[in-house]
Amino acid sequence: MAAFTIRRLLRHEEFRACERLQQTVWGSLSVSSELMLVTQKYGGLVLGALAEGELVGFLYAFLARRGGRLIHWSHMMAVAPAYRGRGLGFRMKRAHRRWALEHGLRSIGWTFDPLQSRNAALNLRRLGARVEEYVVDCYGRFPSALEHGLPSDRWVVEWPIASAAVARRLKEGPPPVGKTLPICVNETALNRAGLLENRRLYLHHHAPRLWVEIPPDTEAMRLRDLALAQRWRLETRRIFQHYLASGYKVKDFISTQGDARRQCFYLLERARPTLRRPA
Ligand SMILES: CC(C)(COP(=O)(O)OP(=O)(O)OC[C@H]1O[C@@H](n2cnc3c(N)ncnc32)[C@H](O)[C@@H]1OP(=O)(O)O)[C@@H](O)C(=O)NCCC(=O)NCCS
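The sequence shown begins at 291 in the working numbering and counts up by one.
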């Protein structure tokens, strides 16, 4: 089995290997090797995951200001398809956190597609990042092979890297999934092609905790049935916008692997009303 090294990239050839990996993953180039080089020199971070000297993953982040605070913004992370699911994404994020803490930063932000279950599992459950907002068509119709021309809706997350909660999450792993099942706000079923689809959406619930199911493999769905993938985008947009506006927050992401299939759920929790002290 290949041993992996995670380290800052420094050489021109290494940045060019990141360009090639962008082409492989997104089918287009977003951050050029020149930009990576200057970002690396002046306050940003470009990390690579290498297997026997070959670049199989990278992370690109720059200094940013959000809500008046200086943070790091992790604009891109990719792992070559053959190397996914081996913890490289997790290790690059952990290395980023270590570097950012050493450089006086307390938070890292990024965006991800709410329908990409792998990203949700890594970002919310494994790392303990917090969802801050839902942005409709965040990047417009940009040339990404992952998007297939669909609206690029995104969660914006922040990862409070200096917090005790994040340190505990990294040390102890995610908390166990509670035994009581929350109410699911979308009734789903597999269609004839074996793809998950929504049968009904329920936008009237008030329970403290709710579940939203999403497909376990959005990439495959986009390749096989783009119209259904488009429906998922619009239906989950409606669900998330409705419940976020009603005072719910995204608390967690759960993925269960049964014998037959994987199921993936966001857990929404209603924020408790704050008690006013008597004057
Ligand atoms: C997102 C990405 C970088 C993750 O890299 P990775 O090395 O596969 O990530 P890891 O292996 O560390 O973590 C993946 C997690 O998802 C879980 N997972 C795998 N398949 C899954 C699925 N279909 N649904 C839900 N979770 C899944 C894994 O079990 C793992 O969780 P665990 O560590 O608790 O077991 C990689 O999938 C990728 O390059 N995607 C395309 C580009 C992209 O979306 N980049 C991010 C936005 S810029």
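Built from N, CA and C at the ideal position, the CB exists for glycine as well. Since this is a predicted model, take the numbers as computed values, not measurements.
> Where does K469 sit, in a helix, a strand or coil, going by DSSP?
Replying inline: What you label residue 469 is simply residue 179 of the sequence shown in a count that begins at 1. Residue state, collapsed to three classes: coil.
> Which residues have a Cβ closer than 6 Å to any heavy atom of ligand 1, listed in chain order?
Replying inline: V315, M366, M367, A368, V369, R374, G375, R376, G377, L378, G379, F380, F402, Q406, S407, R408, N409, A411, L412, R416, P506, D507, S545, R552, C554
> Thinking just about the alpha-carbon of each residue, which of L440, R355, L337, L471 is nearest to the one in F294?
Replying inline: One-based indexing of the sequence shown puts residue 294 at position 4. Nearest option by C-alpha distance: L337.
> Relative to the C-alpha of W389, which residue among R408, A372, Q330 is closest?
Replying inline: The count along the sequence shown starts at 1 and reaches residue 389 at position 99. Considering only alpha carbons, the answer is Q330.
> Just reading off the beta strand (DSSP E) that F244 is part of, what are its end residues?
Replying inline: One cannot answer for residue 244 here, as it falls past the ends of the chain, which runs 291 to 569.
> Span of the alpha helix (DSSP H) holding N488?
Replying inline: Taking the first residue of the sequence shown as position 1, residue 488 is located at position 198. Looking at the DSSP string, N488 is not in any alpha helix (DSSP H); the run it does join, the beta strand (DSSP E), is 486-491.
> Helix, strand or coil: how does DSSP classify V321 here?
Replying inline: Counted from its first residue, the sequence shown places residue 321 at position 31. The answer is coil: DSSP assigns V321 none of H, G, I, E or B.
> With respect to the beta strand (DSSP E) encompassing N476, which residues constitute its N-terminal and C-terminal limits?
Replying inline: Residue mapping note: residue 476 aligns to position 186 of the sequence shown, counting from 1. From DSSP, the beta strand (DSSP E) with N476 extends over 476-480.
> Beta carbon of S318, beta carbon of P433: below 8 Å?
Replying inline: On the sequence shown, position 28 is the one that residue 318 refers to. On the sequence shown, position 143 is the one that residue 433 refers to. Their beta carbons are under 8 Å apart, which means S318 touches P433 by this criterion.
> Y350 lies in the beta strand (DSSP E); which residues open and close that run?
Replying inline: Here residue 350 corresponds to residue number 60 of the sequence shown, with the count starting at 1. Y350 -> beta strand (DSSP E) spans 344-356.
>> Please report the straight-line C-alpha distance between H386 and L335, rounded to a whole angstrom.
In response: Here residue 386 corresponds to residue number 96 of the sequence shown, with the count starting at 1. Here residue 335 corresponds to residue number 45 of the sequence shown, with the count starting at 1. The straight-line gap from Cα to Cα measures roughly 8 Å.
> When burial is assigned at 16 or more other CB atoms within 10 Å of the CB, is K469 buried or exposed?
Replying inline: As a first step, residue 469 must be located in the sequence shown, where it is residue number 179. Answer is exposed; the Cβ neighbour count stays below 16.
> Under the DSSP definition of a beta bridge, which residues are partnered with W363?
Replying inline: Position 73 of the sequence shown, counted from the first residue, corresponds to residue 363. Paired residues: F352, G399.
>> In the DSSP assignment, the alpha helix (DSSP H) including R560 goes from what residue to what residue?
In response: Along the sequence shown, one-based indexing puts residue 560 at 270. From DSSP, R560 is part of no alpha helix (DSSP H) but of the beta strand (DSSP E) over 552-560.
> What runs of the alpha helix (DSSP H), each 4 residues or longer, lie entirely inside the segment 497-553?
Replying inline: If we require 4 residues or more, the alpha helix (DSSP H) runs fully inside the segment 497-553 come out as 508-514, 516-535.
>> Please state the DSSP three-state secondary structure of R376.
In response: Start at 1 with the first residue of the sequence shown, and residue 376 comes out as number 86. The answer is coil: DSSP assigns R376 none of H, G, I, E or B.
>> Taking the alpha carbon of L493 as the reference point, which residue from L311, L558, E324, G484 has its own alpha carbon closest?
In response: Translated into positions along the sequence shown, residue 493 becomes position 203. The shortest Cα separation from L493 among L311, L558, E324, G484 belongs to L558.
>> Quick check on DSSP: helix, strand or coil for A483?
In response: In the sequence shown, counting from the first residue as 1, residue 483 sits at position 193. A483: coil per DSSP, three-state reduction.
> Given that a residue counts as buried once 16 or more other Cβ atoms are within 10 Å of its Cβ, and exposed if not, what is D542?
Replying inline: Counting from 1 along the sequence shown, the entry for residue 542 is found at position 252. Buried.
>> Check for me: the beta strand (DSSP E) holding A457 runs from which residue to which?
In response: Residue numbering aside, residue 457 sits at position 167 when the sequence shown is read from its first letter. Looking at the DSSP string, A457 is not in any beta strand (DSSP E); the run it does join, the alpha helix (DSSP H), is 454-462.
>> So the candidates are V328, R551, I544; which of them puts its Cα closest to the Cα of P466?
In response: The residue you call residue 466 lines up with position 176 of the sequence shown. Comparing Cα-Cα distances from P466 to each of V328, R551, I544, the minimum goes to I544.
> Out of curiosity, what's the CA-to-CA distance linking H302 and L340?
Replying inline: Working through the sequence shown from its first residue, we reach residue 302 at position 12. Working through the sequence shown from its first residue, we reach residue 340 at position 50. Taking the straight line joining both Cα atoms gives about 15 Å.
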